[in-house]
Amino acid sequence: MNFDDTPQEAEFRARARAFLSKHLEKLNPDETAPSLLGEREDKAAIDWAKRWQATKFDAGWAVLTWPKEYGGQGLGRMENVIFNQEEARFKTPPAIYGIGHGMLGPTLMTHGTKEQKERYIREMARGQVVWCQLFSEPAAGSDLAGLRSNAVREGDGWILNGQKIWSTGAQYCDWGMIVVRTDPNVPKHDGLTYFIVDMKAKGVEVRPIKQINGGSGFNEVFFTNVRVPDSQRLGGVGEGWKVSITTLMNERVSIGAGTSGSRIRDIFKLARECRRNGRPAIQDGAVRQRLADAFITSKGLQYTSYRILSALSRGTTPGPEGSISKAVGAPFGQQLSAFALELQGAMGGLLDPAVAPQQALWQESYLGSPGLRIAGGTDEVLRNIIAERVLGLPSETRMDKGMPFRDVPTGPVKK
Amino acid sequence: MNLEFSEDQKFVQKTARDYLTEHAPLSACRAVLESNQAYDVTLWKGVAEMGWLGTAIPEVYGGAGLGHLELVLIAQEIGRTLAPIPFSSSVYLASEALLQAGSEAQKQKYLPKLASGQWIGTLALAEGLGEFDAASATGTRFDGARVSGVKLPVADGAAANFAVVVAREGDGCSLVLVDLEGEGVTRSALASFDASRPLARIAFDGARGERLGAAGHGAAVVRDVLDRGAVLMGYEQIGGAERALDETRRFTLGRFAFGRPVASFQALKHRLADVYAKIQIALSNGYFAAWALSNGSDELPVAACSTRVAASDAFVLASEEMIQMHGGVGYTWEYDCHLFYRRARSLAHALGTPNEWREKLVARLEASGFGSGKGAREVAAD
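These protein sequences, in sequence, are chains L and E.
Okay, so the first sequence: first residue is 11 according to the working numbering, each after it adds one.
Okay, so the second sequence: first residue is 935 according to the working numbering, each after it adds one.
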């Protein structure tokens, strides 16, 4: 067991740092960590992200874990994490490639035809086109397979209709990956098919959702008689669920869930600045107890991600410990933010970054945190997953099991 | 980075699990709990024969010459079985104190007997109400030859042959090795929350003692020994929590209500998932602390605090949920739930409570400048 870099890892880290130093401005360690939300991207920010991605790609520092044939570097996850750790020390544009590079690219590699792989993957890697995921629907969130958007064959293609929601970045994306229903007469998982869709095609309408934090990271996407050539079908007809699982499994593999260590430093800093009982709050016993718990949970999440990473980098399947990252990390982020606001006293009620402590990032983070407890698997779904897949407890009763989709009760939502 | 235990280390753990599964059933814990025995003598001899008492003791002092990575895994298995033996007192505390502060002669005298199980050692620190640290041990004095004062409570105090006594000497604090079977020592066993891990009162009245480490420099050794003990006991607590979760899982799968296993209700599933998550957070902190311990890293003081708190809380939660999810039978003497409930609470108080360790954690982070915006080191640590 060894938590330190191996000599090879240290050498890689130094090379990564040298490359980054040449192109980026270093974050001042005394500054509060930048916002993690990344939901207020304007055109300038997107353009900056694309330029930085091209720079990385052209210098051989992009999509490190992808095979070389797709424009990657064929490196391990460990190197990828090291690069990300180093990149986090610099001022960078918003991260707009997480879904494409982390989930959709690997899905294409697994299920794409030769032509599809050649057509899309390298282009995705360089990032001058951006991809989004179109899975959730107004009536299909945790029960994703209950989705209702549909595609009907017409000639050598398909006609898509329906509505997707919670599509991150759809407003600036060029391509999307979508799963829709192609057969309502079979049980819900069996009637789905997966497609690549041109987000600029006729009949696609993207409407940003205004979230409780005022940001619009997510969108509703409406499809009205959108024509999709059959060459953009990914996987077989009726195999959409299987392909979707590949996408979702890659979501789970995405490392580094949880609150970053810098947030814990920030809250210690805040506790030194705020006051209680006429003294710095950090001298207050109750505050100290909560600071300790925050530190311990944060470190527990960090080392849990290291355990997963270590297993993956050695070619072994990570143990079930991986499933706790989001289950613990998401509610923890909300509690931590609430604690930070409480420390601020009356100032906690502000949202003005020029006046509120630490540029109002804790206020922003408290507003953003409910979303993180819902997106990508709610707290409740994650607990079911741990209970069922890790602890082997009985699965939930499914009232729609084996039932043709058209007969599944829908409640008040119109079919 | 490599967070795997080696094949050899995993083998040590498997051997421990197999042995303890056979020789330390929960009925062994119950037998000590229900009797006046201080510990299970047969099991103690068996554990000694397996060589575990000297896991981290060098071979030249009669130990196995392995390390703390092996020892934490054995501790985890000891925890799983609620083994009713003075393992923590003798191995985590007395042996570690001798390894850290003992003179060559003291190591030669004590360590082989600790490794063989012939002697049981313990740490005599607490003096009634107060924090579990050297600064609170003000009522016991050492004059260079003799110790006087009252220690209360002392884990395994009735069974131990000798104690490392924390005493005032002049203006400082010294550690003193005292033969508990000698003159001037009066011991009384006390009714203990977990009678399978009994506590005692020890009165010293001019008992002969031999200084361990430098005069007046005992506080730093105590701090270090408690940090080391916190990691080792943390693994024992994690083992106990894992077993409590396993037993609860098995029971709730077999218990039916409303025509279905009670384990199928989300009200239970989600809470069992929370227990599991709590254990994993403790274990992940434990990995880092075990590495820091085995590696002599200066990260140990912070990592020990984190592990101590997370492991204590995980075991307490798992044991509380164990009773609750067993329903009425969980509250009976006959079922084993209360063995876990008692042990979890007893261990949480053994080296200072989790709240004391939270305070220590923040004090140590503050002292290192964490979050003051000054440390380049803290940035590197993320």
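No residue lacks a Cβ here, since even glycine has one placed at the ideal position from N, Cα and C.
Alpha helix (DSSP H) segment containing asparagine 1289 of chain E, residue limits = Your numbering for residue 1289 of chain E matches position 355 in the second sequence. Here the alpha helix (DSSP H) through asparagine 1289 of chain E covers 1288–1301.
key: histidine 1204 of chain E versus aspartate 294 of chain L - alpha carbon distance   = Within the second sequence, residue 1204 of chain E is the residue found at index 270, counting from 1. Within the first sequence, residue 294 of chain L is the residue found at index 284, counting from 1. Spanning the two alpha carbons is a distance of roughly 34 Å.
Same chain, Cβ closer than 8 Å to alanine 1060 of chain E, five either side skipped, listed in chain order = Translated into the one-based positions of the second sequence, residue 1060 of chain E becomes position 126. Leaving aside the five residues that flank alanine 1060 of chain E on each side, the residues in its chain whose CB is nearer than 8 Å to its CB run, in chain order, Phe1066, Ser1070, Ala1071, Lys1085, Leu1086, Pro1087 and Val1088.
ask   = Where in the region 352–415 of chain L do unbroken runs of the alpha helix (DSSP H), each at least 4 residues long, occur, reported from the N-terminal end onward?
value = Correct list: 371–382 and 389–395.
query = So the beta strand (DSSP E) valine 207 of chain L belongs to, where does it begin and stop?
reply = Translated into positions along the first sequence, residue 207 of chain L becomes position 197. Following the DSSP letters along the chain, one finds valine 207 of chain L inside the beta strand (DSSP E) bounded by residues 202–208.
message = Rounded to the nearest angstrom, what separates glutamine 83 of chain L and threonine 388 of chain L at their Cα positions?
response = One-based indexing of the first sequence puts residue 83 of chain L at position 73. One-based indexing of the first sequence puts residue 388 of chain L at position 378. So the two alpha carbons sit approximately 34 Å from each other.
task = With phenylalanine 1096 of chain E as the anchor, note down where its beta strand (DSSP E) starts and where it stops.
result = Position 162 of the second sequence, counted from the first residue, corresponds to residue 1096 of chain E. Counting along the chain, the beta strand (DSSP E) containing phenylalanine 1096 of chain E begins and ends at 1096–1103.
request  = Could you tell me how far apart the beta carbons of lysine 60 of chain L and glutamine 138 of chain L are, in whole angstroms, since I believe they sit closer than 8 Å?
outcome  = Walking along the first sequence from the start, residue 60 of chain L turns up at place 50. Walking along the first sequence from the start, residue 138 of chain L turns up at place 128. About 6 Å separates the Cβ atoms of lysine 60 of chain L and glutamine 138 of chain L, confirming a contact at the 8 Å cut-off.
ask   = So alanine 1089 of chain E is in the alpha helix (DSSP H); what residue range does that whole segment cover?
value = As a first step, residue 1089 of chain E must be located in the second sequence, where it is residue number 155. Alanine 1089 of chain E -> not in any alpha helix (DSSP H); beta strand (DSSP E) instead, spanning 1080–1089.
message = Can you tell me whether glutamine 63 of chain L is helix, strand or coil according to DSSP?
response = Here residue 63 of chain L is taken as the residue at index 53 of the first sequence, counted from 1. Helix, per DSSP.
Residue range of the unbroken beta strand (DSSP E) whose run includes valine 190 of chain L = Position 180 of the first sequence, counted from the start, is the residue given in the question as residue 190 of chain L. Counting along the chain, the beta strand (DSSP E) containing valine 190 of chain L begins and ends at 185–191.
ask   = Just the Cα atoms here: how many angstroms apart are serine 335 of chain L and leucine 311 of chain L?
value = By 1-based counting over the first sequence, the position of residue 335 of chain L is 325. By 1-based counting over the first sequence, the position of residue 311 of chain L is 301. Taking the straight line joining both Cα atoms gives about 6 Å.
ask   = Do the region 221–229 of chain L and the region 948–962 of chain E touch if we need at least three Cβ pairs shorter than 8 Å?
value = The answer is no - the region 948–962 of chain E does not touch the region 221–229 of chain L, with fewer than three Cβ pairs under 8 Å.
task = Leaving out five residues on either side along the sequence, give the residues of the same chain with a beta carbon under 6 Å from the beta carbon of alanine 1093 of chain E.
result = Numbered from 1 along the second sequence, position 159 holds the residue referred to as residue 1093 of chain E. Same-chain partners within the cutoff: Ala972, Tyr973, Pro1020 and Ile1054.
task = Enumerate in chain order the residues of its own chain whose CB-to-CB distance from asparagine 90 of chain L is below 6 Å, with the five nearest sequence positions on each side excluded.
result = Taking the first sequence and counting its residues from 1, one reaches residue 90 of chain L at position 80. Closer than 6 Å at Cβ, skipping near neighbours: Leu74 and Thr75.
Contact list for histidine 1204 of chain E against chain L, beta-carbon separation under 9 Å = By one-based count along the second sequence, residue 1204 of chain E stands at place 270. Listed along the chain, the chain L residues whose CB falls inside 9 Å of the CB of histidine 1204 of chain E are Asp389, Glu390, Arg393, Asn394, Ile396 and Ala397.
message = Quick check: the Cα distance between proline 380 of chain L and glutamate 1004 of chain E, rounded to an integer number of angstroms?
response = Against the first sequence, residue 380 of chain L aligns to sequence position 370. Against the second sequence, residue 1004 of chain E aligns to sequence position 70. One Cα belongs to proline 380 of chain L, the other to glutamate 1004 of chain E, and the distance between them is close to 42 Å.
request  = Helix, strand or coil for proline 116 of chain L, going by three-state DSSP, please let me know.
outcome  = One-based indexing of the first sequence puts residue 116 of chain L at position 106. Looking at proline 116 of chain L - three-state DSSP - the assignment turns out to be helix.
inquiry  = Just checking: is the beta-carbon of alanine 1178 of chain E within a distance shorter than 8 Å of some beta-carbon in chain L?
reply    = Along the second sequence, one-based indexing puts residue 1178 of chain E at 244. By this cut-off, alanine 1178 of chain E is not an interface position.
request  = For tyrosine 1265 of chain E, count neighbouring C-beta atoms within 10 Å of its own C-beta (all shown protein chains included) and say buried if the count is 16 or more, exposed if not.
outcome  = The residue labelled residue 1265 of chain E in the question sits at position 331 within the second sequence. Burial call: exposed.
query = Would alanine 1101 of chain E pass as a contact of threonine 1120 of chain E if the rule is Cβ separation under 8 Å?
reply = Residue 1101 of chain E sits at position 167 when you count from the first residue of the second sequence. Residue 1120 of chain E sits at position 186 when you count from the first residue of the second sequence. Not in contact: alanine 1101 of chain E and threonine 1120 of chain E (Cβ atoms no closer than 8 Å).
ask   = Roughly how many angstroms separate the alpha carbons of phenylalanine 939 of chain E and tyrosine 313 of chain L, rounded to a whole number?
value = Against the second sequence, residue 939 of chain E aligns to sequence position 5. Against the first sequence, residue 313 of chain L aligns to sequence position 303. So the alpha carbons of these two residues sit roughly 15 Å apart.
query = So, is the C-beta of phenylalanine 93 of chain L closer than 8 Å to a C-beta in chain E?
reply = By one-based count along the first sequence, residue 93 of chain L stands at place 83. At a cut-off of 8 Å between C-beta atoms, phenylalanine 93 of chain L does not count as an interface residue with respect to chain E.
key: isoleucine 175 of chain L, buried or exposed, once every other Cβ within 10 Å from all chains shown has been counted against 16   = Here residue 175 of chain L refers to the residue found at position 165 when the first sequence is read from its first residue. By the neighbour-count rule (16 or more Cβ atoms within 10 Å), isoleucine 175 of chain L is buried.
request  = Starting from threonine 1120 of chain E, follow the beta strand (DSSP E) in both directions and report where the run begins and ends.
outcome  = Numbered from 1 along the second sequence, position 186 holds the residue referred to as residue 1120 of chain E. Segment 1119–1124, the beta strand (DSSP E) holding threonine 1120 of chain E.
request  = For proline 197 of chain L, collect the residues of the same chain with a Cβ closer than 7 Å to its Cβ; drop the 5 residues on either side in sequence, then sort them by chain order.
outcome  = Taking the first sequence and counting its residues from 1, the one referred to as residue 197 of chain L is at position 187. So the list reads Gly412, Met413, Pro414 and Phe415, once near-sequence residues are dropped.
query = By Cβ distance below 6 Å, which residues in the same chain neighbour glutamate 1335 of chain E in space, the five residues on each side in sequence not counted?
reply = The structure shown has nothing for residue 1335 of chain E, since chain E only spans 935 to 1316.
ask   = With respect to the alpha helix (DSSP H) encompassing cysteine 963 of chain E, which residues constitute its N-terminal and C-terminal limits?
value = Along the second sequence, one-based indexing puts residue 963 of chain E at 29. Its alpha helix (DSSP H) spans residues 960–968.
task = Give me the Cα-Cα distance between valine 207 of chain L and arginine 129 of chain L, rounded to the nearest whole angstrom.
result = Here residue 207 of chain L is taken as the residue at index 197 of the first sequence, counted from 1. Here residue 129 of chain L is taken as the residue at index 119 of the first sequence, counted from 1. Distance from the CA atom of valine 207 of chain L to the CA atom of arginine 129 of chain L, rounded to whole angstroms, is 13 Å.
message = Only counting the same chain, and skipping five residues up and downstream in sequence, which positions put a Cβ closer than 7 Å to that of histidine 33 of chain L?
response = Working through the first sequence from its first residue, we reach residue 33 of chain L at position 23. Excluding its 5 nearest sequence neighbours in each direction, histidine 33 of chain L has C-beta neighbours in its own chain below 7 Å: Thr65, listed in chain order.
message = Any beta carbon of chain L sitting closer than 8 Å to that of glutamine 1214 of chain E?
response = Counted from its first residue, the second sequence places residue 1214 of chain E at position 280. Taking 8 Å as the threshold, the shortest C-beta distance from glutamine 1214 of chain E to chain L falls below it.
query = How many whole angstroms separate the CB atoms of valine 1236 of chain E and leucine 1299 of chain E, which I take to be in contact at a CB cut-off of 8 Å?
reply = Start at 1 with the first residue of the second sequence, and residue 1236 of chain E comes out as number 302. Start at 1 with the first residue of the second sequence, and residue 1299 of chain E comes out as number 365. Indeed they touch by this definition, with Cβ atoms about 7 Å apart.
request  = List the whole-angstrom C-beta distance separating valine 297 of chain L from arginine 286 of chain L, where the pair is believed to meet the contact cut-off of C-beta under 8 Å.
outcome  = Within the first sequence, the letter at position 287 stands for residue 297 of chain L. Within the first sequence, the letter at position 276 stands for residue 286 of chain L. Arginine 286 of chain L and valine 297 of chain L do touch by the CB rule: their CB atoms are close to 7 Å apart, below 8 Å.
Simplified DSSP assignment, three categories, for asparagine 235 of chain L = In the first sequence, the residue the question calls residue 235 of chain L occupies position 225. Under the three-state reduction of DSSP, asparagine 235 of chain L is assigned to strand.
ask   = Taking C-beta to C-beta, are alanine 348 of chain L and leucine 361 of chain L nearer than 8 Å?
value = Here the question's residue 348 of chain L lines up with position 338 in the first sequence. Here the question's residue 361 of chain L lines up with position 351 in the first sequence. Contact flag unset, no.
task = State the Cα-Cα distance for the pair alanine 1009 of chain E and glutamine 242 of chain L, rounded to the nearest angstrom.
result = Counted from its first residue, the second sequence places residue 1009 of chain E at position 75. Counted from its first residue, the first sequence places residue 242 of chain L at position 232. Straight-line Cα distance between these residues: approximately 57 Å.
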